[in-house]
Amino acid sequence: LKSELYIPGVVDRLIREGKARVKVLPSAARWFGVTYQEDRSGAVSAIQDLTDKGDYPGRLWDNHL
1358 LKSELYIPGV
1368 VDRLIREGKA
1378 RVKVLPSAAR
1388 WFGVTYQEDR
1398 SGAVSAIQDL
1408 TDKGDYPGRL
1418 WDNHL
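Add 1357 to the 1-based position in the sequence shown for my numbering, that's all there is to it.
Shown next, in the form of structure tokens:
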């Protein structure tokens, strides 16, 4: 519960091992993240706002599975 996964390090390792390819997409969107439990409500609100504005689909993950 107290450990953290450093995603860029993992992605870099997978690329170097030939196990992954990454495409970086440019965006003017504002970044937000969730590191702590206290961050959750702000992230949920931000995602809901983006969904309400039509920037995100209502069922975000359905388009990517």
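Where is the CB? At the ideal position from N, CA and C, for every residue including glycine. Since this is a predicted model, take the numbers as computed values, not measurements.
8 Å contact criterion, which valine 1381 and isoleucine 1372 should meet: CB distance rounded:
For the purposes of this step, residue 1381 is taken as the residue at position 24 of the sequence shown. For the purposes of this step, residue 1372 is taken as the residue at position 15 of the sequence shown. Wrong, their Cβ atoms sit about 12 Å apart, outside the cutoff.
May I have the straight-line CA-CA distance separating valine 1367 from arginine 1387, to the nearest angstrom?
By 1-based counting over the sequence shown, the position of residue 1367 is 10. By 1-based counting over the sequence shown, the position of residue 1387 is 30. The alpha-carbon atoms of valine 1367 and arginine 1387 are separated by roughly 24 Å.
Put arginine 1378 into one of helix, strand or coil per three-state DSSP.
For this step, residue 1378 is matched to residue 21 along the sequence shown. Reduced to three states, the DSSP call for arginine 1378 is coil.
Give me the Cβ distance between isoleucine 1404 and tyrosine 1413, rounded to the nearest whole Å; I'm assuming they're in contact under 8 Å.
Counting from one through the sequence shown, the residue named residue 1404 turns up at place 47. Counting from one through the sequence shown, the residue named residue 1413 turns up at place 56. Contact holds; Cβ gap of about 7 Å.
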